Structure formats: C-alpha cells, structure tokens
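Notes follow the structure.
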Amino acid sequence: MKKFLTLGAALFSLSFSASAQQMASCCARPAGNLSASATEVFAKLAADKDFSGGHDAPLPYEFKGEGKMIEFKTPDGSTGKGFEIKSAKPSNKYLFVIHEWWGLNDYIKKEAATFAAEMPGVNVIAVDLYDGKIATTPEEAGKYMGEVKTDRATAILKGVEMYAGPKAQLASIGWCFGGGWSLQEALLGGKQTVGCVMYYGMPEKDVTKLKTLNTDVLGIFASQDKWINPEVVGQFKKDMVAAGKSVTIESYDADHAFANPSNPKFNKEYAAKAHGQALNYLRGRFKLKA
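Numbering follows numbering that gives the first Met the number 0, in which position 65 of the sequence shown is assigned residue number 64; successive positions increment by one, without gaps.
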C-alpha cells in the first residue's frame with residue numbers, strides 16, 4: 000500500500016508504489032460508529048491549516064497503463080465506480096485499493112497497476128468513494144472528503160464486494176482516508192476477507208466490531224503523526240487484543256503521509272521499506288509464490 004496520500008509530485012515513484020497516503024479518514028477521532036465519526040472529524044480537519052497545509056496539490060499526471068473504469072450495482076439502488084486491472088488468468092483473488100483525499104485520480108490508477116504487476120494472479124480494483132469527483136487542490140480535497148457519507152461509502156464497498164462475487168478472497172489497502180476505510184472494508188467483507196493493510200488510517204474503536212474481523216491487520220504508522228498519534232495506535236493494539244485479533248504495527252520515526260512523494264514530510268527510505276512490508280504481507284495472505 001503504498002504510497003500515496005497526498006498524491007502529488009511524483010506520487011507514484013517506486014517508493015510511492017511503496018505507499019501513498021493522504022489525510023482523510025485516518026485523521027478523525029471516532030466515537031461509536033467509527034466511519035461516521037471519522038467522516039465528520041475529517042471535514043473539520045480539512046479546515047485545519049496545519050492539516051491541509053501539509054498537502055501539496057498533485058502535479059499533472061496521466062496514467063496510460065492497462066486497466067479500465069468499471070461500474071457496479073450498489074445495495075442502495077445506485078451504482079459505484081472503480082478502476083480495475085484483471086489478472087491475466089481467471090482468479091478469485093481481489094485487492095481493493097482505497098484512495099486518499101484527492102479521489103480516484105491517475106496516480107491511484109498507477110498505484111493499482113503497481114500492485115497488479117507485483118502480484119500476478121490478483122485482480123486489483125481501485126475503489127472510488129467520491130462517486131467520480133477528483134480534487135486538484137487542497138480546498139477541493141477537503142470539500143469532497145467532508146462530503147463522504149458513511150452509508151454511501153459502505154454501499155460502494157458492499158457493491159464492489161458483490162462485483163467480485165461470493166467466492167472471492169478479499170484484501171484491502173489504503174492511506175489516511177483510505178487507510179481508515181481499508182479497515183472498514185475488512186470488517187464489511189466478513190468471511191471473505193483475507194487481509195488488510197492500513198497506512199496511518201483511523202482505527203475502528205468498537206471492540207465488538209473488531210471481533211468480527213476474519214483477518215489480521217497490518218498497520219503502518221508514523222510516530223510524529225499529530226492525528227493518528229502513538230496514543231491512538233497504542234489504543235488500537237489494546238482493542239485488537241481485547242477483540243482476540245492479531246495486528247502487526249510498523250511504526251516509523253516520521254510524520255503523517257511520510258510515504259507520499261508529493262508530501263513535504265516524504266521519507267523515501269521509509270516509504271520503500273513500508274511498501275515492501277505491505278507487499279510481503281499481501282502476497283502471504285493471498286498465498287502467492289514469491
């Protein structure tokens with residue numbers, strides 16, 4: 000997962016591929032229903048100059064690789080969108096890539112393509128939680144992030160699960176906003192879920208919900224993060240223990256969005272290392288040959 004949060008500058012350099020993240024869902028403080036709470040708090044964070052100021056507008060970029068946009072039915076009677084790169088051979092393995100606060104732009108498509116190339120035999124779908132909206136400025140990103148409704152985002156994720164099919168093995172990865180929703184997707188996927196990677200995303204705090212996880216979780220965090228700080232991460236570890244679930248925490252001495260090449264706090268070394276950890280984790284959960 001791994002690289003992109005604020006998608007900007009070369010948001011998808013090799014290390015970006017290692018991890019990119021953006022500030023959205025991951026930076027909210029949950030209460031009760033994590034997703035809903037996160038959405039509300041993120042909207043407030045978007046107005047925080049310290050928060051939005053750490054995200055440079057993404058540089059122009061056009062993805063020209065393989066893959067295509069798809070539409071699928073959602074339980075709320077509407078349709079959802081995503082960018083899919085199918086496995087060369089028929090496969091029931093699916094990785095859902097969840098964007099940061101910029102939306103499903105061409106940088107995210109490249110990220111999806113990187114995972115597809117690194118994991119032959121896995122179908123990769125970058126899921127659009129913004130219903131087609133793509134931000135090009137921090138102001139737009141904050142607006143779109145704040146407009147995300149829990150019920151609609153959940154319907155989109157359930158819709159892409161139905162698209163994959165009842166026999167599909169599901170895993171997810173996301174950064175910041177996408178990191179929080181990656182964990183929510185793991186919960187929504189139920190018994191079909193085989194893996195979950197979340198980059199500095201806001202954890203679920205409802206232990207009852209965490210007990211329903213069908214997988215362990217790989218959490219990649221930054222010790223200098225002001226929002227998803229060590230205290231939040233420490234509580235997540237305790238909650239997972241209370242839920243009887245396994246979580247691996249990789250904490251870097253870096254700041255939020257350190258895996259995003261377009262972010263001022265980008266750390267190339269740590270981003271590359273985190274990407275490798277996420278990739279090894281996903282290969283293992285999908286039982287892929289090295």
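Even for Gly, the Cβ is constructed at its ideal location relative to N, Cα and C.
Keep in mind that this is a model prediction, so the values were computed, not measured.
Original post:
Between the beta-carbon of F82 and the beta-carbon of G66, is there less than 7 Å?
Top reply: Your numbering for residue 82 matches position 83 in the sequence shown. Your numbering for residue 66 matches position 67 in the sequence shown. Yes.
**OP:** Measure how close the beta-carbons of L287 and A170 come, nearest whole angstrom, since I'm counting them as under 8 Å.
**Re:** Sequence index remark: in the sequence shown, residue 287 carries index 288 (1-based). Sequence index remark: in the sequence shown, residue 170 carries index 171 (1-based). Going by Cβ atoms, the distance from L287 to A170 rounds to 11 Å, so no, they are not a contact pair.
**OP:** Measure how close the beta-carbons of T136 and A56 come, nearest whole angstrom, since I'm counting them as under 8 Å.
**Re:** As a working mapping, residue 136 is identified with position 137 in the sequence shown. As a working mapping, residue 56 is identified with position 57 in the sequence shown. Confirmed, about 5 Å.
Subject >> Runs of beta strand (DSSP E) lying entirely within the segment 85-139, each at least 3 residues, in chain order >> reply: 92-97 and 122-127
**OP:** Assign W180 to one of three DSSP states: helix, strand, or coil.
**Re:** Counting from 1 along the sequence shown, the entry for residue 180 is found at position 181. Helix, per DSSP.
Original post:
Secondary structure at F82, three-state DSSP: helix, strand or coil?
Top reply: Residue mapping note: residue 82 aligns to position 83 of the sequence shown, counting from 1. The answer is strand: DSSP assigns F82 an E or B state.
Original post:
Comparing the CB of L287 with every heavy atom of the ligand GDP, is any distance shorter than 6 Å?
Top reply: As presented, the structure is devoid of all ligands, the ligand GDP included, so that no description of it is given.
Subject >> Contact belief for F62 with D105 at Cβ below 8 Å, rounded distance in angstroms >> reply: Numbered from its first residue, the sequence shown carries residue 62 at position 63. Numbered from its first residue, the sequence shown carries residue 105 at position 106. Their Cβ separation, rounded to whole angstroms, is 4 Å, which keeps F62 and D105 in contact under 8 Å.
Original post:
Taking DSSP as the reference, what is the three-state secondary structure of Q234?
Top reply: Locating residue 234 in the sequence shown gives position 235, where the first residue counts as 1. In this structure, Q234 counts as helix in the three-state DSSP scheme.
Subject >> Cutoff 6 Å; reference K88; Cβ partners in own chain excluding five residues on either side >> reply: Here residue 88 refers to the residue found at position 89 when the sequence shown is read from its first residue. The answer is none, since no qualifying residue turns up.
Subject >> N- and C-terminal bounds of the alpha helix (DSSP H) containing L281 >> reply: Taking the sequence shown and counting its residues from 1, the one referred to as residue 281 is at position 282. It spans K267 to R284 - the alpha helix (DSSP H) in which L281 sits, taken as one unbroken run.
Subject >> Where the alpha helix (DSSP H) containing I155 begins and where it ends >> reply: Stepping through the sequence shown from its first residue, residue 155 is reached at position 156. It spans T149 to A163 - the alpha helix (DSSP H) in which I155 sits, taken as one unbroken run.
Original post:
By Cβ distance, which residues of its chain are closer than 6 Å to A152, with the 5 residues on each side in sequence left out?
Top reply: The sequence position of residue 152 within the sequence shown is 153, counting from 1. Excluding sequence neighbours, A152 sits near L128.
**OP:** Using beta-carbon positions only, say whether V121 and S86 come within less than 7 Å of one another.
**Re:** Within the sequence shown, the letter at position 122 stands for residue 121. Within the sequence shown, the letter at position 87 stands for residue 86. Their beta carbons are under 7 Å apart, which means V121 touches S86 by this criterion.
Original post:
Taking the alpha-carbon positions, what's the G173 to S250 distance?
Top reply: Within the sequence shown, numbered from 1, the residue matching residue 173 stands at position 174. Within the sequence shown, numbered from 1, the residue matching residue 250 stands at position 251. For G173 and S250, the distance between alpha carbons rounds to 16 Å.
Original post:
Which word fits N279, buried or exposed, when buried means at least 16 other C-beta atoms lie within 10 angstroms of its C-beta?
Top reply: Mapped onto the sequence shown, residue 279 falls at position 280. So N279 ends up on the exposed side.
**OP:** Please name the residue or residues paired with Y198 in a DSSP beta bridge.
**Re:** To locate residue 198, count along the sequence shown from 1; it is residue 199. According to DSSP, Y198 bridges with W174 and I219.
Subject >> Segment limits, beta strand (DSSP E) that includes T247 >> reply: Locating residue 247 in the sequence shown gives position 248, counting from the first residue. V246 to Y251 is the extent of the beta strand (DSSP E) around T247.
Subject >> Given F265 as reference, the closest of G178, A253 and F285 once Cα atoms are compared >> reply: Within the sequence shown, numbered from 1, the residue matching residue 265 stands at position 266. Residue A253 is the option with its Cα nearest to F265.
Subject >> Burial state of P59, where buried means 16 or more other Cβ atoms lie within 10 Å >> reply: Reading the sequence shown from its first residue, position 60 is the one you call residue 59. Looking at its Cβ environment, which holds fewer than 16 other Cβ atoms inside 10 Å, P59 is exposed.
Original post:
With which residues is F71 paired in a DSSP beta bridge?
Top reply: Stepping through the sequence shown from its first residue, residue 71 is reached at position 72. F71 is bridged to G79.
Original post:
Contact check, V216 vs M201 under 8 Å by CB: the rounded distance?
Top reply: By 1-based counting over the sequence shown, the position of residue 216 is 217. By 1-based counting over the sequence shown, the position of residue 201 is 202. Not quite, the Cβ-Cβ distance comes to about 13 Å (not below 8 Å), so this is no contact.
Original post:
Between the C-alpha atoms of G131 and S90, what's the straight-line distance to the nearest angstrom?
Top reply: Residue numbering aside, residue 131 sits at position 132 when the sequence shown is read from its first letter. Residue numbering aside, residue 90 sits at position 91 when the sequence shown is read from its first letter. Near 27 Å, if we compare the C-alpha coordinates of S90 and G131.
**OP:** Can you grab the Cα-Cα spacing for the pair P263 / H255, in whole Å?
**Re:** Position 264 of the sequence shown, counted from the first residue, corresponds to residue 263. Position 256 of the sequence shown, counted from the first residue, corresponds to residue 255. The alpha-carbon atoms of P263 and H255 are separated by roughly 10 Å.
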